[in-house]
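Q: Quick one: the structure is below, questions incoming.
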Amino acid sequence: MDCDYTQIIHQRGYNSPAMQSHRELIVEPIGLNPDALARPIDFSALFGNDGPVELEIGMGKGTFLTEQALARPQTNFLGIEWANWYWRYASDRLRRHECLNARTVRAEAMFFIREHVADASLAVVHVYFPDPWPKKRHHKRRLIQEPFLQQVQRILVPGGRLQVVTDHADYFQQIEAVVTASPLKIIEYNRPGSAGEGEFVGTNFERKYRREGRPFHAIAAVKQVAE
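Numbering-wise, the working numbering comes out as the position in the sequence shown, counting from 1, plus 7.
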């Protein structure tokens, strides 16, 4: 029997008792209702400035997003997360750290990008440790495939970057192939300043996987400037 998303959430512990917080998780004003957002979003109006916007797909508990928002207050950050508990936790975390240059949405990534993200509106798209869907019959559910790369090419500003890190070797082979085949130009991976020594990103998943001794694979690509 095929494994559905509910089973994946249970296996990863998203709704386990160990993940429940005794503190009330307050998502406002960071967490947004996607149904109330414009199509496409006017990021200047949303953030109240014309600063660059970076998107993280699958923000988890918001470690990367929080550290980046604190370190770079002139940059605006948007995080997407489907797992409800993680979205609420990350939104509350950003709120507690007063990261008003960050917003989050609970949404399916491809739908949100298609419906809400305008052409040439993002400076960077971050995808760290996406679900590898390891079973062959589930590979079609993987995020990073040709349709996703088409959307990335559309939503990045000229010179904008895509950055991806995974611990799954088979998925990385697919990622590398589709990125290479896309109009994006592969460049050297840019390690975020918030990453610790030996880290690619500094997310909770990465730190957990490092303790388990897993290898990591990273790739970055840029939208070329038209001559």
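We put the beta carbon where it would ideally sit given N, CA and C, even for glycine.
All values reported here derive from a predicted model rather than from experimental measurement.
Does the beta-carbon distance from Leu72 to His104 come in below 8 Å?
A: Contact flag unset, no.
Q: Distance, Cα to Cα, Gln152 vs Asp57?
A: Approximately 31 Å, taken between the alpha carbons.
Q: Using C-beta distances below 6 Å, list every residue in its chain close to Phe54, excluding the 5 sequence neighbours before and after it, in chain order.
A: If we look at Phe54 and ignore the five residues flanking it on each side, its Cβ neighbours are Asn83.
Q: Please check the pair Val208 and Val171, which I expect to be a contact at CB under 8 Å, by giving their CB distance rounded to whole angstroms.
A: Val208 to Val171, Cβ: 10 Å. No contact.
Q: Quick check on Arg113: does DSSP put it in helix, strand or coil?
A: Of the three classes helix, strand and coil, the one that applies to Arg113 here is strand, per DSSP.
Q: Judging by CA-CA distance, which residue of Gly203, Ala114 and Ile226 is the nearest neighbour of Glu74?
A: Taking only the C-alpha atoms, the option nearest Glu74 is Gly203.
Q: Return the Cβ separation of His123 and Pro47 in integer angstroms, given the expectation that the two are a contact with Cβ distance under 8 Å.
A: Indeed they touch by this definition, with Cβ atoms about 6 Å apart.
Q: Compute the beta-carbon to beta-carbon distance between Gly86 and Met66, rounded to the nearest angstrom, for a pair I have assumed lies under 8 Å.
A: With a Cβ gap of about 4 Å, Gly86 and Met66 count as contacting.
Q: Can you list, in chain order, the stretches of the beta strand (DSSP E) that have 3 or more residues and sit fully within the region 168 to 195?
A: Those beta strand (DSSP E) runs which fall completely within the region 168 to 195 and span 3+ residues are 192 to 194.
Q: Between which two residues does the alpha helix (DSSP H) containing Ala52 stretch?
A: Here the alpha helix (DSSP H) through Ala52 covers Phe50 to Phe54.
Q: Once the 5 residues before and after Asp138 are set aside, which same chain residues still bring their CB inside 8 Å of it?
A: Within the same chain, Asp138 has close Cβ partners Ile15, Gly65, Arg148, Arg149 and Leu150.
Q: For Trp140 versus Arg113, is the C-beta spacing smaller than 8 Å?
A: For Trp140 and Arg113, no; Cβs fall outside 8 Å.
Q: Beta-carbon within less than 6 Å of Gln158's beta-carbon, same chain only, minus the 5 sequence neighbours each way: which residues are those?
A: Once the five neighbours on either side are set aside, the close Cβ partners of Gln158 are Ile120.
Q: Taking the C-alpha atoms as reference points, what is the distance between Ile182 and Gln160?
A: In a straight line, the C-alpha of Ile182 is about 15 Å away from that of Gln160.
Q: Let's test the definition: count the other Cβ atoms within 10 Å of the Cβ of Asn108 and tell me whether it reaches 16, buried, or not, exposed.
A: Classification of Asn108: buried, given that the 10 Å Cβ count is 16 or more.
Q: Ignore the nearest five residues each way along the sequence and tell me which others in His175's own chain have a CB closer than 6 Å to its CB.
A: Taken in chain order, the residues that qualify are Pro139.
Q: Among residues of its own chain, excluding the 5 on either side of Thr210, which ones have a beta-carbon nearer than 7 Å to its beta-carbon?
A: Taken in chain order, the residues that qualify are Gly67, Thr70, Phe71, Tyr135 and Phe136.
Q: DSSP three-state call for Ile226: helix, strand or coil?
A: Ile226 falls in the strand class under three-state DSSP.
Q: Taking the beta carbon of Lys230 as the centre, do at least 16 other beta carbons fall within 10 Å, making it buried, or is it exposed?
A: With 16 or more Cβ atoms within 10 Å of its Cβ, Lys230 is classed as buried.
Q: Roughly how many angstroms lie between the CA atoms of Pro36 and Ala127, to the nearest whole one?
A: Cα to Cα, the separation comes out at about 26 Å.
Q: Can you tell me which of the three DSSP states Ala76 falls into?
A: In this structure, Ala76 counts as helix in the three-state DSSP scheme.
Q: Take the Cβ of Asp99 as the centre, count every other Cβ of all protein chains shown within 10 Å, and call the residue buried at 16 or more, exposed below.
A: Answer is buried; the Cβ neighbour count reaches 16.
Q: Report buried or exposed for Glu63, applying the criterion of at least 16 other Cβ atoms within 10 angstroms of its Cβ.
A: Glu63 is buried by the Cβ-count criterion.
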